[in-house]
Each structure stands twice: as structure tokens, then as C-alpha cells.
Amino acid sequence: MSKPLSKILLIVAVLFGSAGVSYAADLQKGFAAAKRGDFKTALREFKSIAEQGDAAAQFYLGLMYYNGQGVPQDYKAAVKWYRLAVKQGFSPAQYHLGLMYASGLGAPQDYKTAVKWYRLAAEQGFAPAQSSLGLTYAKGQGVPQDYKTAVKWYRLAAEQGHPGAQFSLGLIYDQGKGVPQDYKAAVKWYRLAAEQGEATAQYSLGVMYKDGLGVPQDHQAAVKWFRLASEQGLALAQANLSAMYALGEGVPKDYIYAHMWANLGAVSGKKELMKLRDLIVEKMTSAQIAKAQRLASECVHKKYKGCETKY
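Below you can see the structure in the form of C-alpha cells.
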């Protein structure tokens with residue numbers, strides 16, 4: 003669990019209900035407080051009913067300890083509250099307890115135990131757990147590597163609209179692992195994930211359009227998807243968008259934008275992206291380089307949005 007929980011997961015989790023329906027009003031008070039950023043009040047509301055045995059409140063209290071919202075960040079305390087919720091079969095808590103074991107946060111890193119908890123949540127139909135279980139089979143972490151089983155779990159999550167699983171299923175079809183290679187199927191799943199804002203899927207869909215795999219070659223469409231992923235800070239997409247500008251494919255040739263995107267991608271530290279930027283520099287004047295560097299600096303402050311302004 004390398005990044006804070008998304009608000010979407012918080013909303014999804016409550017759909018699974020709680021052991022004590024009578025606590026629904028108190029839960030809503032906690033959610034309302036959290037929504038307005040009053041985490042201390044949210045913590046108080048959740049803790050009050052969590053201590054009375056409400057599974058949803060126990061889970062959300064665990065999330066607050068994990069994120070350090072209203073309390074100092076404490077992974078062990080998060081695990082404690084997740085454990086109480088899983089005793090009642092609360093699938094979001096099962097999934098997040100699995101994440102803690104997979105990451106070694108608040109519990110010893112143990113992929114087999116992570117798989118155990120993923121599976122319990124996945125078997126209840128919890129899409130994030132199905133996706134993570136698919137990934138463990140694809141990587142062979144805690145279970146023998148098995149792409150066919152990975153496909154099974156990815157598909158179950160993807161059909162529920164989980165963007166990460168849709169991307170992973172697209173990648174499986176793209177690479178032909180566990181299924182016959184099928185670029186059209188890859189494009190289908192990449193697109194579904196990309197339309198939900200999944201940056202890696204947007205980048206991958208751009209590659210399919212650039213290379214004409216599963217779709218007619220269309221450089222303008224490639225640029226569209228590379229740009230969307232670039233605006234989320236994905237270095238590989240920024241590198242590809244840079245190359246499109248440098249070559250004039252799908253966009254008018256523009257070395258300033260090419261340098262800007264290559265420079266932004268090079269921040270990731272990948273040597274090939276630094277080489278791309280250096281190759282572009284050879285075709286530019288010192289004035290153009292200065293403009294590109296200024297645009298890149300401004301782009302970072304804009305969080306990669308609306309960076310292609312007139313210069």
C-alpha cells in the first residue's frame with residue numbers, strides 16, 4: 003500500500019454494510035466529518051461505535067490510523083482494527099489486511115498471508131481484492147506463478163469495472179500470457195481502464211494507436227492518450243509524447259514541447275529519457291532550450307495540466 007487510500011475505496015467499502023445497522027447514523031456523522039476535513043470528530047465517531055463491535059467503524063478507524071488522519075500515523079494500530087473487522091468477515095478489511103502483509107507495514111511481510119486475506123475478500127466479490135489476487139498469481143508472490151488463474155481473477159474484477167484489473171487484463175492479452183495473444187482484446191480492456199483515468203492504461207492505449215496494434219494506426223489518437231497519461235506524471239508517456247513532437251507525428255513538429263516533455267520525464271531518473279532529451283537538445287538553439295526549460299518548470303507547478311501554452 004504505497005499511497006494513501008482513495009476516496010473511491012472509502013465509498014465502496016461502506017456499501018458492504020456493517021455488523022450493526024443501528025450504527026448507520028453514527029457512521030454517517032463520521033463520514034460527514036471526514037468529508038469536511040474534520041478528522042478528529044470523524045475519529046471520535048468511528049471509535050465510539052468501533053469499540054462496540056461495528057465492523058465498518060473498525061475498518062474506517064484502521065484507515066484513519068493508516069493515513070494518519072486525526073491521529074499520528076500508526077500501522078500497527080491500523081492492523082489491530084482491521085483484525086477486529088475481519089473477524090466479522092468484512093471484506094474491505096480482509097483486503098486491506100492483506101495489503102499490510104504484502105507491504106510489511108504494521109505486520110511482518112508475508113505474501114502467503116496476504117494471499118489468504120485477498121482470497122477471503124475476493125471470494126466475497128470485492129473487486130480490489132480480486133485484482134490483487136490476480137496480481138499475486140501473475141507475479142508468483144505467495145502462490146506458484148499461474149497466468150491462467152491470474153486471468154480468472156483479473157476478469158472478475160475487470161467485469162465489475164475495476165480500472166487496475168482492466169489494465170492488467172489488457173496487458174495479459176497484449177503479452178499473450180495465460181491467454182492467446184489478442185491485440186483487439188487488449189485494446190478493449192486498456193480503453194475501459196483509460197476512460198476511467200488509469201494512467202498506465204492511457205499510455206498503453208497510446209502505444210497501440212502509435213503502432214497500429216488492435217486498432218488502425220492513428221498518431222493523433224496516440225498523442226491524445228499519451229497526453230492524458232503525461233498530465234498524470236507518467237514518465238513513459240511523457241517520453242512518448244516528447245518523441246511525437248520531435249518527429250511531428252500526430253502533432254506539428256515542435257522541439258520546444260519535445261524538450262519540455264522529455265525534461266519532465268527525465269526527472270524520473272531513467273537514463274533512456276535523459277538520452278532522449280539530450281538528442282533533442284542537439285536540434286535546438288539556446289533560446290529554444292531556455293523556453294523549454296521555463297515551460298517544464300511551469301508545468302511542474304501546474305501539476306502537469308495545461309502545460310502546452312503558447313510560448
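Using the numbering used here, you'd call the opening residue of the sequence shown number 3 and step up by one each time. Backbone N, C-alpha and C define an ideal beta-carbon position, used for all residues, glycine too.
N-terminal and C-terminal residue of the alpha helix (DSSP H) that residue i is part of
| i | result |
| --- | --- |
| Cys301 | 288-303 |
| His98 | 93-105 |
| Ala26 | 26-37 |
| Val81 | 77-88 |
| Gln132 | 129-141 |
| Val117 | 113-124 |
| Glu47 | 41-52 |
| Ala59 | 57-69 |
Assumed close pair residue i, residue j - CB separation to whole angstroms, cut-off 8 angstroms
| i | j | result |
| --- | --- | --- |
| Tyr156 | Thr138 | Not really, about 11 angstroms apart at Cβ, beyond 8 angstroms. |
| Ala188 | Gly216 | 6 angstroms |
| Phe228 | Leu243 | 4 angstroms |
| Ala129 | Ala95 | Ala129 to Ala95, Cβ: 15 angstroms. No contact. |
| Gly267 | Gln234 | Actually they are not in contact, since the Cβ atoms of Gly267 and Gln234 sit about 12 angstroms apart, beyond 8 angstroms. |
| Val131 | Ser93 | The sequence as given places Ala at residue 131; Val does not occur at that position. Their Cβ separation, rounded to whole angstroms, is 7 angstroms, which keeps Ala131 and Ser93 in contact under 8 angstroms. |
| Asp56 | Tyr25 | 5 angstroms |
| Tyr326 | Leu238 | Missing from the structure shown is residue 326; the chain here goes from 3 to 313 and no further. |
| Leu236 | Ala196 | With a Cβ gap of about 12 angstroms, Leu236 and Ala196 do not count as contacting. |
| Gly142 | Ser170 | Not a contact, Cβ separation roughly 15 angstroms. |
| Ala35 | Thr43 | 4 angstroms |
Contact under 8 angstroms by Cβ, residue i with residue j
| i | j | result |
| --- | --- | --- |
| Tyr67 | Ala79 | yes |
| Tyr313 | Ile258 | yes |
| Leu99 | Arg85 | yes |
| Trp83 | Gly70 | no |
| Gly252 | Val225 | yes |
| Leu1 | Val73 | There is simply no residue 1 to check, as the chain begins at 3 and stops at 313 in what is shown. |
| Gln1 | Asn265 | Lying before the first or after the last residue shown, residue 1 is absent from the chain, which here runs from 3 to 313. |
| Ala104 | Ser133 | no |
| Val81 | Val117 | no |
| Gly283 | His261 | First, the residue type needs correcting, since residue 283 is Val and not Gly in the sequence shown. Cβ distance < 8 angstroms, so Val283 and His261 count as in contact. |
| Ala223 | Gly172 | no |
| Ser288 | Trp263 | no |
| Tyr211 | Gln219 | yes |
| Gly180 | Val153 | yes |
| Lys37 | Glu47 | no |
| Leu278 | Ala245 | yes |
CB contact below 8 angstroms: residue i versus chain B
| i | result |
| --- | --- |
| Gln204 | Among the chains of the structure shown, chain B does not appear; only one protein chain is present. |
Contact test: residue i Cβ vs the ligand SAH heavy atom, cutoff 7 angstroms
| i | result |
| --- | --- |
| Asp148 | The ligand SAH is absent from the structure shown, which contains no ligand whatsoever. |
Requested in this report: Pair every Cβ in the segment 100-114 with every Cβ in the segment 147-155, then say whether three or more of these pairs are closer than 8 angstroms.
Outcome: Cβ pair count under 8 angstroms is below three, so no.
**Report entry** Residue ranges of each alpha helix (DSSP H) within the segment 228-280, 4 or longer
**Finding:** Complete alpha helix (DSSP H) runs here, min 4: 237-249, 257-268.
**Report entry** Ranges of the alpha helix (DSSP H) found wholly within the segment 146-204, counting only runs of at least 4
**Finding:** 149-160, 165-177, 185-196
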